[in-house]
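Working notes, beginning with the structure itself.
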Amino acid sequence: MTEISTDWERRTAEAWAAIDSYAEDDFVRLIGELADELPAGSAVAAFERACAWDSTGHSDLAVPLYQEALETGLTGIRRRRAVIQMSSSLRNIGRAQESVVLLTAEREAGHDELDDAVAATLALALTDVGREREAVSVAVAALAPHLPRYQRSMANYARLLVEP
1 MTEISTDWER RTAEAWAAID SYAEDDFVRL IGELADELPA GSAVAAFERA
51 CAWDSTGHSD LAVPLYQEAL ETGLTGIRRR RAVIQMSSSL RNIGRAQESV
101 VLLTAEREAG HDELDDAVAA TLALALTDVG REREAVSVAV AALAPHLPRY
151 QRSMANYARL LVEP
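Using the UniProt record's numbering, you'd call the opening residue of the sequence shown number 1 and step up by one each time.
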């Protein structure tokens, strides 16, 4: 992957920080212009475009761009964000089972600061496919470490929800 300049990263972060000050079309256009500065076929460019469509309520347009970003070698934290966000978008467009498959695999892929986002999105997708008990288990297990007390009890309750 071509190295991305800190100036590009800064300008992109500034655009995202100001998303609410733009009309949807203007924001999508702004992110598109930033993405156009990257080399053709850039996974990061596809990811940023997907995020812009997703953040403006167009999950259907975001999914193919997330797929492109992942297929063309998106790496690092952006890769994990793409899986989470694409899974959420899949859920939004009625493809929750695909979301469950992706997020279940993502939970096994490694651990970082996005683990709880993976769990929350998975819990929503599980609910959409009729696996509510498992969804509650995933959500409670993700919440348990953040509680000031009862962490062990809540982790056990989460486990017991899905044990035979």
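We put the beta carbon where it would ideally sit given N, CA and C, even for glycine.
Among the residues of its own chain, which have a CB less than 7 Å from the CB of residue i, if the five just before and after it don't count?
{"i": "E9", "result": "none"}
{"i": "residue 166", "result": "Residue 166 lies beyond the stretch modelled for the chain, which goes from 1 to 164, so this question has no answer here."}
{"i": "V136", "result": "L161"}
{"i": "Q151", "result": "A144, P145"}
{"i": "C87", "result": "A small fix is needed here, since residue 87 is Ser in this sequence, not Cys. Cβ neighbours of S87 beyond the five flanking positions: S99, L102, L103, T121, A125."}
{"i": "I19", "result": "F27, S55"}
Which residues in the same chain as residue i place their Cβ atom closer than 6 Å to its Cβ, once the five residues preceding and following it in sequence are excluded?
{"i": "residue 184", "result": "Residue 184 cannot be examined here, being either before or after the span of the chain that is shown, 1 to 164."}
{"i": "A119", "result": "V138, A142"}
{"i": "residue 188", "result": "The structure shown has nothing for residue 188, since the chain only spans 1 to 164."}
{"i": "F47", "result": "A69, L74, R78, A82"}
{"i": "E106", "result": "V83, V118"}
{"i": "L30", "result": "A15"}
First and last residue of the alpha helix (DSSP H) that includes residue i?
{"i": "I31", "result": "24-36"}
{"i": "D7", "result": "6-17"}
Once you ignore the five residues that flank residue i on each side, which residues in its own chain have a CB closer than 8 Å to its CB?
{"i": "residue 165", "result": "The requested residue 165 does not occur in the structure, where the chain is confined to residues 1 to 164."}
{"i": "L114", "result": "I77, R80, R81, I84"}
{"i": "D36", "result": "A45"}
{"i": "A123", "result": "A135, V136, V138, A139, A142"}
Per the contact definition of three or more C-beta pairs closer than 8 Å, is the region 148-157 in contact with the region 124-132?
no
Kindly provide the ranges of any alpha helix (DSSP H) runs that are 4 or more residues long and lie completely inside the UniProt domain "Tetratrico peptide repeat group 5" (44-161), ordered along the chain.
59-71, 76-92, 96-109, 115-128, 132-143
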